[in-house]
Amino acid sequence: MATSNLVGTAANESSERRAVDVAIKKCAAEGAKDCKSSVTYYNQCVAFAVPSSGKGQGSLDTAVDAETVAGNAIGHCRDTGGGKCAVVYSECSLPVFRKY
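Residue numbers (the working numbering): 3 to 102.
Written as structure tokens, this is what we have:
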């Protein structure tokens, strides 16, 4: 995410480093000059909720499933004075099986 509120996302990449690189490149392609990684996740879900009014702050959250993370993001957004908030991005990473 950049200070201009432009974002880039990546999901189901082979490594954290690759996911960060892809997301930053996508953010820069949107025109932002100061992109940085805001969150990384694996075997879980992420959601970004923003206030409909433009007041308050958005909320970026992670949780174990899509329903939980959406509820958390909306609740945290509302708690910052955002009033009515909506999820504008949600993604879950694919589970990774590791044989022991």
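Note that CB positions come from ideal geometry on N, CA and C, so glycine has one too.
Practice prompt. Figure out for me which residue from I76, V48 and E15 has the closest Cα to the Cα of D67.
Written response: The candidate whose alpha carbon is nearest that of D67 is V48.
Practice prompt. Excluding the 5 residues preceding and the 5 following C105 in the sequence, name in chain order all residues of the same chain whose CB lies nearer than 6 angstroms to its CB.
Written response: Summary: the structure shown does not reach residue 105, with the chain confined to residues 3 through 102, and so no result is reported for it.
Worksheet item: Cα separation between K101 and T64?
Response: Rounded to the nearest angstrom, the two C-alpha atoms are 25 angstroms apart.
Worksheet item: Which same chain residues, not among the five before or five after Y43, have their C-beta less than 7 angstroms away from its C-beta?
Response: Correct list, in chain order: T64 and S95.
Worksheet item: Are the Cβ atoms of G83 and G58 separated by less than 8 angstroms?
Response: Contact: yes.
Fill in: Start-end ranges of the alpha helix (DSSP H) lying completely within the stretch 6–87, minimum 4 residues
With a minimum length of 4 residues, the continuous alpha helix (DSSP H) runs that stay inside the stretch 6–87 are 18–31 and 68–79.
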